[in-house]
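Oh and the sequence shown: position 229 is 232 in my numbering, straight run, nothing missing. Note that the Cβ used here is the ideal one computed from N, Cα and C, for glycine as well. Worksheet: the structure to be examined is printed underneath.
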Amino acid sequence: MSNSSLVQYTKISPNKTVKRNHTIDTITIHCMAAQLSVESCGDIFAKSSSKSSSNYGIGSDGKIAMYVEEKDRSWCSSNAANDHRAITIECASDTKTPYSVNNKVYTSLINLLVDICKRNNIQKLVWSTNKSDRINHKNGCNMTVHRDFANKECPGDYLYKKMGQIADDVNSKLTKSYQIGWNQDSTGWWYVNADGTYPKSCWKTIGNKQYYFNASGYMASDEYVKSDNYSNDKNLYYVNEDGSWDLKSYKWRSNNKGWWLEANTGGWYAKSEWAKIDGKWYYFDKNGYMVTGTVWIGLKKYYFNSDGTWKE
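Rendered as structure tokens:
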């Protein structure tokens, strides 16, 4: 396991766990809550009493430092499981909310992230504003923040609100090394356009078929999705296992007994089956009604929220 060649200063902290127990697949960006140099930050992490560290740090001048080698786990995010799988990065910032970082820090952060992703075979960064997605790594999400695991502001609202842009800026550099067209990783398929961008939260016609790509840029498969192309479109559209739209539309319907999912033509409706709808799972009973509360399905017991979504 290698370290970044972008490092300009090294001061290894004693505050670490030697040898990770998980493959590196996550990025956790922190703020220093001070406009520190990498040397000053290194001095803090060098004290055993601080009981803290990070893999990398970026000073207010944009200089990059290493405090814990990538092969080892830093003590950074108040969560051992996260730090065992994440590369943690401290960024020099203002001392008060929103803890802004300057352009030099931001530029170095993007360059460092691209380097980390390339060396650790992280093909793209995926951010979600949903905490559950982040901590459970759903839908390919591989970016977490300190506030996910502790009652802290870190990384500050400035960086938190920029996480989506950070992912886009890194991915725009990473996609240049991918082939134009279809690409696949362990999460699923995505499509790289000729200009290096990729479709997100939209439909795209490829060949003579239409495909839907979710907010993370992955192709939807075997599920019902909303059309984000038209704000007044209330229909759902089923995409096949190969991702292509079957040209049919569906709609939620209700009466005094409950809700059901029905095709707009042909009279079909879901019954005695699971359905993934806009990224969430629902179950419809033998009469076709959406279930809520605690329900036995086969030999297993499941709990569904009042809106019908399965509580995993």
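> Does L128 get closer than 8 Å to chain C when you measure Cβ to Cβ?
Replying inline: The displayed structure is made up of one protein chain only, and chain C is not part of it.
>> Measuring only the C-alpha atoms, how far is D198 from M293?
In response: In this structure, the CA atom of D198 is about 43 Å from the CA atom of M293.
> Do you know offhand how far S51's Cα is from L116's?
Replying inline: Looking at the two C-alpha atoms, the distance is approximately 28 Å.
>> Contact defined as beta carbons within less than 8 Å: I believe S55 pairs with N82. What is the distance between those atoms, to the nearest angstrom?
In response: Incorrect: roughly 13 Å between the Cβ atoms, too far for contact.
>> Please identify the residue among S43, S40, N290 and H87 whose C-alpha is closest to the C-alpha of W271.
In response: In terms of CA proximity to W271, N290 leads the group S43, S40, N290 and H87.
>> So, does the stretch 131-138 touch the stretch 190-197, judging by three or more C-beta pairs under 8 Å?
In response: no
>> Comparing C-alpha positions only, which one of L264, N85 and S252 sits nearest to N58?
In response: The closest CA to that of N58, considering only L264, N85 and S252, is found on N85.
> Can you give the Cα-Cα distance for L177 and W206, rounded to whole angstroms?
Replying inline: 23 Å
>> Does the stretch 56-75 come into contact with the stretch 29-46, if we say contact requires no fewer than three beta-carbon pairs (one atom in each stretch) closer than 8 Å?
In response: At 8 Å Cβ cutoff, the stretches touch.
>> DSSP has G261 in a bridge; who is on the other side?
In response: N258
>> With a threshold of 8 Å, are at least 3 pairs of Cβ atoms found where one atom belongs to the stretch 60-73 and the other to the stretch 135-146?
In response: no
>> Tell me which residues share the same chain as I113 and place their Cβ nearer than 8 Å to its Cβ, disregarding the 5 neighbours each side in the sequence.
In response: Correct list, in chain order: I169, D172, V173 and K176.
> Residue range of the alpha helix (DSSP H) that V117 falls in?
Replying inline: N106 to R122
> Among Y161, T268, M146 and Y253, which has the Cα closest to the Cα of A278?
Replying inline: Y253
> Cα separation between G184 and G167?
Replying inline: 23 Å
> By how many angstroms is the C-alpha of N154 removed from the C-alpha of N24?
Replying inline: Cα to Cα, N24 sits roughly 26 Å from N154.
> Within 10 angstroms of its Cβ, does S8 collect 16 or more other Cβ (buried), or is it exposed?
Replying inline: exposed
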